[in-house]
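Chains as they are written, first to last, in our numbering: chain A, 1 to 180; chain B, 1001 to 1181; chain C, 2001 to 2220.
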């Protein structure tokens, strides 16, 4: 038997079926090692008070039509380059501008856009995956003015737009800036 | 607290299904911390745990009509949370595992302070190296203190297969902790 | 000194109600209370409320703990104050859009003095607002402060429409893609704008004239 594996009696000790006194002398040291492993289990209570109001708020804003599927919480990392295109504006002073947002994220399962124009709602504006190369796009018509935004990958990773200017968001991350 | 003053889980579920949505908050309050702890051990991060618990409660609400035994809401909810945790791939190692922030000083700890915090962190990292099944049985038995029989009922499996998973977990943990000393 | 036309602000109660409605269900009660307090106080001094509301919603959406959201909101409030003071020194009073733009420029790394310098060019409040947004965006791209203010000032002075200010960041980015540093890109564009300015003055506030439009009242 490999010395990397615990002796079966020590496993029974770990299971709580034996006490250390039940072990033969030559296994006592291994038994102590096993018990010290168990002693390192973190039983610290975890407190998440914000979950209550967040759950109730999420339920309150829910529409009848349910979002299909759970957020697939795969933690792919959004890759590289994002291209932000600003199409030519009409001659008259516009009040809205159409903007296309693009993010290259081949490993993502879901990409959305959150910003000042949609109340930072990570579920409001989904990007659509085009083709098989991992390019995600969305086209929005936004009012003239200043906007800040970020992409949300797989429902939890906030990614600023690599192709756009960025400012400190006050929370240790960066927001992308769109000035129309 | 007066005995009988707290409504039972089944009562709350039935009233929510009858239209009193606000009462769902009672269930969330009741179980969020306990399950955050399970999720934290399974996912290795407090933030991920908070997200998982929140998502699970929302999903449970959406499917509440399918809860066959309202009196066992917590067992049914646990499976939803469990699915949510299993679906999440393990975060990269660069995410710091849980610190025992306001640590409860356990009476059976013999070392103090920094050393035992280091060992807790080492074990949490080693736990993340296990398969989710192995990690789960270890967490349920040795953190939540459930018996094999209780775990078997909850997960609809046999005690024998749980022990097999657990014993493999013990060996892998030993290996991980030795390799990283 | 430029006279400002004070418009009657909303009553205190309806402002608070407006803030509460925007935040209901989106932020924790504690954060909402802080925004109501700071927003109401700021509004009485002519500061915009919207940036505070946006930061609160953003923090909650990003799952930031309340205490850090509160810190960020207070920082925004301070930046709004600094921007308002700087604008006043440059001759523009109580324009909430300009103040918000100035606060954004500060977030991006510019100083109160930079804002005052741009205000002193004498462009219309609308043009100045765009100029401040663009200056902030250029700072975010890495254009050094001096080159930044020089470029935006020159463009404002040239009297060209807002659209010409708005393309500056894209032009700088394009030059950067061709290998220029942000400073060099901005300097090149400055020279072009300065040449334009020599060809004619901007239609602007001038000296001692009333502003062409009343300042926008603060609203939630």
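Built from N, CA and C at the ideal position, the CB exists for glycine as well.
(request) Measure the CB-CB distance between residue 2062(C) and residue 2073(C) and report whether it falls below 8 Å. (result) Contact: no.
(message) Taking only three categories from DSSP, how would you classify residue 197(A)?
(response) In this structure chain A extends from 1 to 180, so residue 197(A) is not present and cannot be described.
(request) Taking only the alpha-carbon atoms, compute the straight-line gap between residue 2149(C) and residue 127(A) and give it to the nearest angstrom. (result) 36 Å
(request) Would you mind sorting residue 2053(C) into buried or exposed? The rule is 16 or more other CB atoms within 10 Å of its CB. (result) buried
(message) Between residue 1143(B) and chain F, is the shortest Cβ-Cβ distance under 8 Å, so that the two count as touching?
(response) Included in the structure are the protein chains A, B and C, with no chain F among them.
(message) Looking at chain C, is there any beta carbon in it that lies within less than 8 Å of the beta carbon of residue 89(A)?
(response) Unreliable positioning characterises residue 89(A) in this predicted model, as indicated by a pLDDT of 34, which lies under 50. The coordinate reading is nonetheless provided below. So, interface residue.
(message) Check whether the region 1036 to 1045 of chain B and the region 161 to 180 of chain A touch, using three or more Cβ-Cβ pairs below 8 Å as the test.
(response) no
(request) Just list the alpha helix (DSSP H) runs in the region 2074 to 2115 of chain C, keeping only unbroken ones of 4 residues or longer that don't cross its boundaries, in chain order. (result) 2096 to 2107
(request) Determine which residues share a DSSP beta bridge with residue 129(A) and list them. (result) 136(A)
(message) Using CA atoms only, rank isn't needed, just tell me which of 1051(B), 1154(B) and 1058(B) is closest to residue 1079(B).
(response) 1154(B)
(message) Counting only Cβ-Cβ distances shorter than 8 Å, please list the residues of the region 1007 to 1036 of chain B near chain A, keeping chain order.
(response) 1021, 1022, 1024, 1025, 1028, 1029, 1032, 1033 and 1036
(request) Could you tell me whether the Cβ of residue 82(A) comes closer than 8 Å to any Cβ of chain C? (result) Summary for residue 82(A): the model assigns pLDDT 31, below 50, so the residue's position carries little reliability, and this model does not support an answer.
(request) State yes or no: is the C-beta of residue 2080(C) within less than 8 Å of the C-beta of residue 2101(C)? (result) no
(message) For residue 42(A), tell me which candidate among 1017(B), 1179(B), 1116(B) and 1152(B) has the shortest Cα-Cα distance.
(response) 1116(B)
(message) Just to confirm before moving on: does the CB-CB distance between residue 114(A) and residue 136(A) stay below 8 Å?
(response) No.
(request) Determine the extent of the alpha helix (DSSP H) in which residue 1135(B) is found, giving its start and end residues. (result) 1132 to 1142
(message) Taking 8 Å as the cut-off, does the region 25 to 45 of chain A touch the region 2014 to 2027 of chain C (at least 3 CB pairs, one atom from each stretch)?
(response) They do not touch, by the three-pair rule.
(request) Taking only beta-carbon positions, decide if residue 165(A) is within less than 8 Å of chain C. (result) yes
(request) Have a look at 2144(C), 2042(C) and 2077(C) and flag the residue whose alpha-carbon is nearest the alpha-carbon of residue 2109(C). (result) 2144(C)
(request) For residue 126(A), return the contacting residues in chain B, with the cut-off set at a CB-CB distance below 8 Å. (result) Chain B residues near residue 126(A): none, gap ~17 Å exceeds 8 Å.
(request) Anything in the region 1044 to 1056 of chain B with a Cβ closer than 7 Å to a Cβ of chain A? List those residues in chain order, please. (result) 1046, 1049, 1050, 1051, 1053, 1054 and 1055
(request) Give the single residue among 2084(C), 2185(C), 2045(C) and 2076(C) whose Cα lies nearest to the Cα of residue 2172(C). (result) 2185(C)
(message) Looking at the secondary structure, which residues open and close the beta strand (DSSP E) in which residue 97(A) lies?
(response) 96 to 104
(message) If you measure between the beta carbons of residue 2162(C) and residue 2127(C), is that distance less than 8 Å?
(response) Contact flag set, yes.
(message) Please list, in chain order, the chain C residues whose beta carbon lies closer than 8 Å to that of residue 180(A).
(response) The contacting residues are 2166.
(message) Just to make sure I have the definition right: I need the residues of chain C whose C-beta is within less than 7 Å of the C-beta of residue 170(A). Which are they?
(response) 2055, 2072 and 2075
(message) Measuring straight from C-alpha to C-alpha, what distance separates residue 29(A) and residue 150(A)?
(response) 55 Å
(request) Would you list, in sequence order, the uninterrupted alpha helix (DSSP H) runs of no fewer than 4 residues that lie entirely inside the region 2111 to 2182 of chain C? (result) 2112 to 2119, 2125 to 2141, 2145 to 2157, 2162 to 2166 and 2168 to 2177
(message) Check for me: the alpha helix (DSSP H) holding residue 1055(B) runs from which residue to which?
(response) 1046 to 1062
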